[in-house]
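In this text, residue positions in the sequence shown follow our numbering: the first is 62, and each later residue adds one. All C-beta atoms, glycine included, are put in the ideal place defined by N, C-alpha and C. Remember, predicted model here, so these are calculated numbers, not experimental data. Report on the following structure.
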Amino acid sequence: MIRITFRSLAWIALLPLSFLISCSKEVSIPGQGSVEAKDNKVTVRGADGSQVVAGDGIELPKDWPKEIPILDDANIKMAMGQAKGRSLNYETAKEPTEAIAFYDDAMSKGGWETGQTMDLPGMSNRTFTKGDQNCHVTVTSAKQSTTNVQIVLSN
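Here it is, written out as structure tokens:
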């Protein structure tokens with residue numbers, strides 16, 4: 062009996078991706094969109110206008126809502142945009158408690174209401190609402206002296 066684990070599936074998925082990155086190519090998928098690997102970044106564009114960019118040296122998307130702040134030392138690792146939402150994942154040198162306190166303060170000052178909150182050792186999660194928008198912020202401890210921040214905004 063062959064046993065396939067999540068780890069082996071991840072490697073199977075990453076092998077073609079690593080080939081694309083080493084070749085710096087764009088591959089179009091008719092009717093679906095395209096995948097481009099260049100400069101240690103992978104960009105996936107959907108036919109519907111959605112886009113995901115992951116890798117190193119990612120800039121804050123031009124259409125990122127100014128009302129959703131990011132820490133000034135953010136090292137963006139992934140940005141995603143689609144019609145009904147946005148997502149951003151970045152690393153910071155701030156402590157997790159500093160990062161979540163930044164969002165508690167900034168979102169409150171921006172007129173966002175705090176909904177659900179959860180604080181565990183090494184992880185905090187907040188849900189903020191403003192009108193018909195929801196913003197979920199998750200802060201977790203990552204590698205030594207690094208904190209990961211994930212923001213998901215939906216309408």
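- Distance from the Cα of M179 is smallest, within the candidate group T199, S95, P91 and A108, for T199.
- Between the C-alpha atoms of L149 and M168 there is a straight-line separation of about 16 Å.
- Between S185 and Y151, the alpha-carbon positions lie close to 15 Å from each other.
- The C-beta distance from P157 to T208 rounds to 5 Å, short enough to meet the 8 Å contact threshold.
- Counting the other Cβ atoms within 10 Å of the Cβ of K155 gives 16 or more, which makes it buried.
- In the DSSP assignment, the residues bridged to T190 are E174 and N195.
- Contact annotation: A162 and L132 have beta-carbon atoms that are not nearer than 8 Å.
- Going by C-alpha positions, D193 is about 14 Å away from A144.
- When DSSP states are grouped into helix, strand and coil, I161 belongs to the helix group.
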